[in-house]
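Since the structure comes first, as structure tokens, the remarks are kept for the end.
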Ligand SMILES: *Cc1c(COP(=O)(O)O)cnc(C)c1O
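Numbering (this note's numbering), first residue to last: 24 to 465.
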């Protein structure tokens, strides 16, 4: 504290942010009895997070796949700051504004050509929730008795009720399962089982009750970056579309370059009817979601009858600051610099993946775009809580990774330097050496 140019020492020092946090805050996905103290991050720049003691960490998962252009990117900061001085917020029902219009034009440049309308919302769960509503109401509006959603096993689509319902049943959903919407689950095609999956799907479709099919195209994020068969997915989409089942691609994780193309759906010839976007959409700056759809879907809602509209809206929908962050993000994604970085990360990941495939402690290795996942070859029981041990080890070495079960995955921001990437690989190898040594001792 400064008074008249002189430093004044306070009689007591304020407790750390981590300590103050414990008094009032209830964190997401956290059992506080098991995690009493959480690390406080004070600042971030590029691929680096800095905690309150000054220690730095490489953000190897781009803060859950949001900050893909790096933290506090000057172009994004500049655009959002300028927007703050012009228009901060206005009701998006009955009004519109330039940042939303400009974003819609920008997004249409990169979305698959069949997408034609954008429904703005707030986050990944609302984006999928609305996708599910679009599928159900599309049929309702036309008087079809189709009330069931089809979803892939092991999928994750968010934490609200509709999104939870179509996600794979997990131990965390016990209190809510009685209230879920109706869902039928289909195994993931893996190349070997494609004929079996197709057969199962045909018999499901015979009942004519399926309104929509929701899927994470090519890679399931929360299931530990599980990849599955492209041809098998094409076949599922083809059969669904032939029966007017609304195909909802959840690209909340895969969107905006992570798979090496702007969207994972760009790898497929069967395009979705609906797409769910969030996470990197607003470049890690302000939360936002968008659900896009085709003309066909939109037309089922466009009517003289008010009740046929989609009566869903969140208060902050279309927030101008979030829109301007998203515009800046898309401009960066389209830049040659970012496209080249994506290619560089992909080829470096490829080299590391090849090396890891030969490592005795590594089982399956999955790589698509900038996403790299390594399943460790260990029986979790013998190692106790390996996931927490890994997390602590990486953090102590200055790398922020969040292993899922026995899977270590990286999804680095596109602006990561080759040296930073090399450090991530080296620390992963260090960890593998430790567990290899331990395995040899047993
Ligand atoms: C993160 C995620 C969601 C949920 O997004 P939130 O913003 O956390 O609600 C939905 N689908 C997928 C594929 C995701 O990765």
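Just so you know, even glycine gets a beta-carbon here, dropped at the ideal spot from N, CA and C.
### Proximity of residue 291 and residue 274 at Cβ, strictly below 8 Å
The sequence position of residue 291 within the chain shown is 268, counting from 1. The sequence position of residue 274 within the chain shown is 251, counting from 1. In this structure, residue 274 does not lie closer than 8 Å to residue 291 by Cβ.
### Query
Can you list, in chain order, the residues of its chain whose CB lies under 7 Å from that of residue 351, leaving out five sequence neighbours each side?
Sequence index remark: in the chain shown, residue 351 carries index 328 (1-based). Cβ within range, chain order: 98, 99, 102, 306.
### Task
Taking only runs that begin and end inside the stretch 214 to 251, name each unbroken beta strand (DSSP E) of 3 or more residues, in chain order.
Listed in chain order, the complete beta strand (DSSP E) runs (minimum 3 residues) inside the stretch 214 to 251 are 233 to 238.
### Message
Cutting at 7 Å between CB atoms, please list the residues of its own chain near residue 449, excluding the five before and the five after it.
### Response
Taking the chain shown and counting its residues from 1, the one referred to as residue 449 is at position 426. Shown here for residue 449: not one same chain residue has a beta carbon closer than 7 Å to its own, the five before and five after excluded.
### Task
Consult DSSP for residue 402 and reduce its assignment to one of helix, strand or coil.
Here residue 402 corresponds to residue number 379 of the chain shown, with the count starting at 1. In the three-state scheme derived from DSSP, where H, G and I count as helix and E and B as strand, residue 402 is classed as coil.
### Within 8 Å, strictly: CB atoms of residue 392 and residue 369
Counted from its first residue, the chain shown places residue 392 at position 369. Counted from its first residue, the chain shown places residue 369 at position 346. In this structure, residue 369 lies closer than 8 Å to residue 392 by Cβ.
### Query
Do the CB positions of residue 162 and residue 184 come within less than 8 Å of each other?
The count along the chain shown starts at 1 and reaches residue 162 at position 139. The count along the chain shown starts at 1 and reaches residue 184 at position 161. No; because the gap between Cβ atoms is not below 8 Å, this pair is not in contact.
### Message
Suppose contacts are defined by Cβ-Cβ distances below 8 Å. Is residue 239 in contact with residue 186 by that definition?
### Response
Your numbering for residue 239 matches position 216 in the chain shown. Your numbering for residue 186 matches position 163 in the chain shown. For the 8 Å CB-CB criterion, residue 239 and residue 186 do not form a contact.
### Query
Assuming residue 476 contacts residue 386 under a Cβ cut-off of 8 Å, what Cβ separation, rounded to an integer in Å, is found between them?
Because the chain spans 24 through 465 in this model, residue 476 falls outside it and cannot be assessed.
#### Entry: Sub-8 Å separation of residue 437 and residue 365 beta-carbons
Position 414 of the chain shown, counted from the first residue, corresponds to residue 437. Position 342 of the chain shown, counted from the first residue, corresponds to residue 365. A contact, by the Cβ cut-off of 8 Å.
### Query
Can you give, in chain order, each stretch of the alpha helix (DSSP H) that sits fully within the stretch 333 to 371 and has at least 4 residues?
Note on the stretch 333 to 371: whole alpha helix (DSSP H) runs with a minimum of 4 residues are 343 to 357, in chain order.
### Message
On the DSSP bridge list, what partners appear for residue 140?
### Response
Residue numbering aside, residue 140 sits at position 117 when the chain shown is read from its first letter. For residue 140, which the question treats as bridged, DSSP gives the partners 316.
### Message
Quick check on the DSSP output: what are the complete beta strand (DSSP E) runs of length 3 or more inside the stretch 93 to 160, in order along the chain?
### Response
Listed in chain order, the complete beta strand (DSSP E) runs (minimum 3 residues) inside the stretch 93 to 160 are 138 to 144.
### Task
Kindly identify the DSSP beta-bridge partner or partners of residue 265.
Position 242 of the chain shown, counted from the first residue, corresponds to residue 265. Here residue 265 is not bridged, per DSSP, to any residue.
### Task
Can you check DSSP and say which residues form a bridge with residue 175?
By one-based count along the chain shown, residue 175 stands at place 152. According to DSSP, residue 175 bridges with 209.
### Message
Taking the straight line between their C-alpha atoms, what separation do you get for residue 213 and residue 394?
### Response
Taking the chain shown and counting its residues from 1, one reaches residue 213 at position 190. Taking the chain shown and counting its residues from 1, one reaches residue 394 at position 371. Approximately 19 Å between the Cα atoms of the pair.
### Task
Look at the Cβ atom of residue 207, then the Cβ atom of residue 242, and state whether they are nearer than 8 Å.
Reading the chain shown from its first residue, position 184 is the one you call residue 207. Reading the chain shown from its first residue, position 219 is the one you call residue 242. For residue 207 and residue 242, no; Cβs fall outside 8 Å.
### Query
Does the pairing of the stretch 75 to 93 with the stretch 455 to 462 give three or more beta-carbon distances under 8 Å?
No, the stretch 75 to 93 does not touch the stretch 455 to 462.
### Task
Return the chain-ordered ranges of every beta strand (DSSP E) run that is complete within the stretch 404 to 456 and spans a minimum of 3 residues.
Segments of the beta strand (DSSP E) lying fully in the stretch 404 to 456: 430 to 433.
### Query
Taking the alpha-carbon positions, what's the residue 157 to residue 234 distance?
Here the question's residue 157 lines up with position 134 in the chain shown. Here the question's residue 234 lines up with position 211 in the chain shown. Cα-Cα distance, rounded: 9 Å.
#### Entry: Rounded straight-line distance, which links the Cα of residue 53 to that of residue 70
Within the chain shown, the letter at position 47 stands for residue 70. Within the chain shown, the letter at position 30 stands for residue 53. Rounded to whole angstroms, the separation of the alpha carbons of residue 53 and residue 70 is 25 Å.
### Query
Whose C-beta lies closer than 6 Å to the C-beta of residue 345 among residues of the same chain, with five residues either side of it excluded?
Taking the first residue of the chain shown as position 1, residue 345 is located at position 322. The answer, listed in chain order, is 305, 309, 311.
### Query
Can we count residue 288 as close to ligand 1, meaning its CB is less than 7 Å from some heavy atom?
Walking along the chain shown from the start, residue 288 turns up at place 265. No, ligand 1 has no heavy atom inside 7 Å of this Cβ.
### Message
Assuming residue 82 is part of the beta strand (DSSP E), what are its boundary residues?
### Response
Mapped onto the chain shown, residue 82 falls at position 59. Run containing residue 82: 79 to 82, per the beta strand (DSSP E) assignment.
#### Entry: residue 169 versus residue 409: straight-line alpha-carbon distance, rounded
Within the chain shown, residue 169 is the residue found at index 146, counting from 1. Within the chain shown, residue 409 is the residue found at index 386, counting from 1. Spanning the two alpha carbons is a distance of roughly 44 Å.
### Message
Bridge partners for residue 66 per DSSP, in chain order?
### Response
In the chain shown, residue 66 corresponds to position 43, counting from 1. According to the DSSP secondary-structure assignment, residue 66 is paired through a beta bridge with 73.
### Task
Could you say if the stretch 255 to 275 and the stretch 213 to 225 meet the contact criterion of at least three C-beta pairs nearer than 8 Å?
Touching, yes.
### Message
Can you tell me whether residue 148 is buried or exposed? The criterion is at least 16 other CB atoms within 10 Å of its CB, across all chains shown.
### Response
Stepping through the chain shown from its first residue, residue 148 is reached at position 125. In this structure residue 148 is buried. Its beta-carbon is surrounded by 16 or more other beta-carbon atoms within 10 angstroms.
### Message
Give me, in chain order, the residues of the same chain whose beta-carbon lies closer than 6 Å to that of residue 182; leave out the 5 immediate sequence neighbours on both sides.
### Response
Within the chain shown, numbered from 1, the residue matching residue 182 stands at position 159. These residues qualify, in order along the chain: 148.
### Test item: CB-CB of residue 294 and residue 288 under 8 Å
Within the chain shown, residue 294 is the residue found at index 271, counting from 1. Within the chain shown, residue 288 is the residue found at index 265, counting from 1. The Cβ atoms of residue 294 and residue 288 sit closer than 8 Å to each other.
### Task
Report the residue from 66, 50, 65, 73 whose alpha carbon sits nearest the alpha carbon of residue 59.
Along the chain shown, read from residue 1 onward, the residue named residue 59 stands at position 36. Nearest of 66, 50, 65, 73 to residue 59, Cα basis: 50.
### Task
Return the chain-ordered list of same chain residues with a C-beta closer than 6 Å to the C-beta of residue 210, the five sequence neighbours on each side being excluded.
Counted from its first residue, the chain shown places residue 210 at position 187. Result list for residue 210: 176, 220, in chain order.
### Message
Give me the DSSP bridge partner(s) of residue 394.
### Response
Within the chain shown, residue 394 is the residue found at index 371, counting from 1. The bridge partners DSSP lists for residue 394 are 391.
#### Entry: C-alpha gap between residue 38 and residue 416, whole angstroms
Counting from 1 along the chain shown, the entry for residue 38 is found at position 15. Counting from 1 along the chain shown, the entry for residue 416 is found at position 393. Rounded to the nearest whole angstrom, the C-alpha separation of residue 38 and residue 416 is 26 Å.
### Query
For residue 300, does the three-state DSSP call read helix, strand or coil?
Numbered from 1 along the chain shown, position 277 holds the residue referred to as residue 300. Per DSSP, reduced to three states, the secondary structure at residue 300 is strand.
### Query
Would the C-beta of residue 279 count as close to ligand 1, meaning under 7 Å from any of its heavy atoms?
As a first step, residue 279 must be located in the chain shown, where it is residue number 256. Shortest gap from the CB of residue 279 to any heavy atom of ligand 1: 7 Å or more.
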